[in-house]
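Residue numbers (the working numbering): 1116 to 1230.
This is the structure in structure tokens:
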């Protein structure tokens, strides 16, 4: 009985780790004093995922090669024909995401979109 309870709790925890489907938002600050909201949409299939990133002005970019391993995710956002690497950690209410672009890595926190 106790073993079954622990297994159930473990499986529920693992399901929560992988529950990234849907829309997430963050505010990007490119370093020039400006900032803008960006929406990430994730669609999972097992330990892989795809989706898109929506920038202001109806500029959407594809998410490719998305993988989930435990609470870690990684993927590429296709900008101007180049894959920009994104590395993150999934938490219960957010995703901590590092974006590596032009030899600079910036950290952002994504939260579930209320939209």
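Glycine residues also receive a C-beta, built at the ideal position from the N, C-alpha and C atoms.
Assigned with DSSP and collapsed to three states, residue 1173 falls in coil, not helix or strand.
The C-alpha of residue 1170 is placed about 7 Å away from the C-alpha of residue 1152. When secondary structure is reduced to three states using DSSP, residue 1155 falls in the strand class. The C-alpha of residue 1215 lies about 8 Å from the C-alpha of residue 1202. By the CB criterion at 8 Å, residue 1137 and residue 1227 fall inside the cutoff.
Under the DSSP assignment, residue 1209 falls in the beta strand (DSSP E) whose first and last residues are 1209 to 1216. Close CB contacts of residue 1177 within its chain, under the 7 Å cut and outside five residues either way in sequence, are with 1167 and 1193 (chain order).
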